[in-house]
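**Student:** Please see the structure below; I have some questions.
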Amino acid sequence: MHIFAIANQKGGVGKTTTTVNLAAALAAAGQRTLLVDLDPQGNATMGSGIDKRALTNTVYQVLLGLATLAQARAVSPSGGFDLLPANRDLAGAEVEMVDLERREMRLKEALANHVADYDFVLIDCPPSLSLLTLNGLCAAHGVVIPMQCEYYALEGLSDLVNTIKKVHANLNRELKIIGLLRVMFDPRATLGHQVSAELEQHFGDKVFKTVVPRNVRLAEAPSYGVPGVLFDKASKGAQAYYAFANEMIERLKTI
Ligand code: ADP
Ligand code: MG
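Taken in order, the sequence shown gives residues 165 to 419; the numbers are from the numbering used here.
The following block contains the structure:
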């Protein structure tokens with residue numbers, strides 16, 4: 165079982181879009197996949213076709229020890245993968261977990277019972293370096309970092325890389341950066357190409373070859389509760405995420 169956190173403490177950089185589409189593309193390739201929504205906004209839950217308002221058990225109950233993963237998981241009707249959903253309840257978890265023992269290991273421990281159930285677990289992290297994200301990083305073997313090729317993109321990146329280094333040193337020796345994924349790429353923007361080149365210089369092989377373009381079909385899909393890769397399979401955005409899923413599978417053979 166490979167466990168990956170999709171993380172970047174900035175909001176709106178394509179974490180959820182990447183998680184949902186990678187989950188659906190891996191499922192389409194026959195991989196048994198679980199998506200863990202770790203964001204109280206519940207966007208990955210809604211984008212997987214599950215109504216976040218209608219849930220009794222979510223990742224919140226699992227983190228707090230009030231439900232098991234088996235009780236809280238659901239099947240994404242549109243995506244073909246399993247989902248550990250989230251909703252607003254999760255916003256309280258941060259505070260309520262403070263007094264718990266091993267509070268940063270709660271997700272890792274919940275997943276430990278299900279090693280045989282899945283080939284891939286993808287964790288959609290919230291836009292912060294909070295206790296929730298820390299749970300994601302402690303549970304994961306690797307981090308995938310989606311980023312837009314903008315002027316400020318590199319600035320935020322060093323905070324994230326430092327956090328990953330600290331988690332690796334103190335909490336999770338298995339954690340490594342799997343790669344950086346360029347998303348919402350606009351080929352007409354000169355700056356995008358410059359930042360993209362800088363990323364390749366800095367991070368070399370860690371930059372995925374696949375580049376996900378800005379594509380309106382990917383942005384439309386969540387309102388239908390369908391992953392973009394299934395909503396319009398032929399779109400440029402869907403094609404990019406299928407290519408990315410293949411690149412991930414290939415990359416795992418080398419690490
Ligand atoms: P995050 O989870 O990091 O906050 P999202 O995945 O929710 O980011 O993306 C932010 C917004 O950008 C959403 O409205 C999403 O639909 C849109 N979006 C993401 N990726 C693309 C893309 N490649 N092309 C067009 N819109 C995108
Ligand atoms: Mg998100």
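Note that the Cβ used here is the ideal one computed from N, Cα and C, for glycine as well.
All figures in this text were calculated on a predicted structure; none of them were measured in a lab.
Three-state secondary structure (DSSP) at Phe168?
**Tutor:** strand
**Student:** Between the Cα of Ala303 and those of Arg267, Ser292, Phe395 and Gly320, spot the shortest distance and give me the residue it belongs to.
**Tutor:** Arg267
**Student:** So what's Thr222 in DSSP terms, helix, strand or just coil?
**Tutor:** coil
**Student:** What's the gap between the Cα of Val262 and the Cα of Leu296?
**Tutor:** 11 Å
**Student:** If I measure Cβ to Cβ from Ala189 and keep anything under 6 Å in the same chain, skipping five residues before and after, which residues do I get?
**Tutor:** Val393, Tyr405, Tyr406 and Ala409
**Student:** State the DSSP-derived secondary structure class of Met261, mapped to helix, strand or coil.
**Tutor:** Met261 falls in the coil class under three-state DSSP.
**Student:** Nearest-angstrom Cα distance between Ala231 and Arg252?
**Tutor:** Here the alpha carbons of Arg252 and Ala231 stand approximately 17 Å from one another.
**Student:** So which of Ser399, Glu364 and Ile342 has the shortest CA-CA distance to Lys417?
**Tutor:** Ile342
**Student:** Taking just the CA atoms, how far does Ala361 sit from Pro391?
**Tutor:** 30 Å
**Student:** When the distance is taken between beta carbons, is Asn185 closer than 9 Å to Leu382?
**Tutor:** Taking 9 Å as the Cβ cut-off, Leu382 and Asn185 qualify as a contacting pair.
**Student:** Would you decide whether Asn334 is buried or exposed? Buried here means 16 or more other CB atoms lie within 10 Å of its CB.
**Tutor:** exposed
**Student:** With distances taken from CA atoms, which of Tyr315, Glu314 and Val308 is nearest Val325?
**Tutor:** Val308
**Student:** At the level of alpha carbons, what is the spacing between Met348 and Ala280?
**Tutor:** Taking the straight line from one Cα to the other gives about 35 Å.
**Student:** Identify every run of the beta strand (DSSP E) within the region 229–277, keeping only runs that are complete inside it and at least 3 residues long; order them along the chain.
**Tutor:** 246–248
**Student:** Among residues of its own chain, excluding the 5 on either side of Val331, which ones have a beta-carbon nearer than 8 Å to its beta-carbon?
**Tutor:** Leu298, Leu301, Cys302 and Leu339
**Student:** Is the CB-CB distance between Ala192 and Gly256 below 9 Å?
**Tutor:** Between Ala192 and Gly256, the CB-CB gap reaches or exceeds 9 Å.
**Student:** Can you tell which of Thr197, Ala274, Lys397 and His366 has the C-alpha that lies nearest to the C-alpha of Tyr224?
**Tutor:** Ala274
**Student:** Could you please give the first and the last residue of the uninterrupted alpha helix (DSSP H) stretch that includes Lys116?
**Tutor:** Any answer about residue 116 is impossible in this case: the structure gives the chain only from 165 up to 419.
**Student:** Return the residue from the list Ala187, Ile167, Ile419 and Gly389 that minimises the CA-CA distance to Ala276.
**Tutor:** Ile167
**Student:** Heavy atom of the ligand MG less than 8 Å from the Cβ of Lys272, yes or no?
**Tutor:** no
**Student:** Would Ile287 and Val200 qualify as a contact pair, given that the criterion is a beta-carbon distance under 9 Å?
**Tutor:** Cβ atoms of Ile287 and Val200: closer than 9 Å.
**Student:** What do you get for Arg337, buried or exposed, if any count of 16 or more other CB atoms within 10 angstroms of its CB means buried?
**Tutor:** exposed
**Student:** Pull up the distance between the alpha-carbon of Pro241 and that of Met210, whole angstroms please.
**Tutor:** 11 Å
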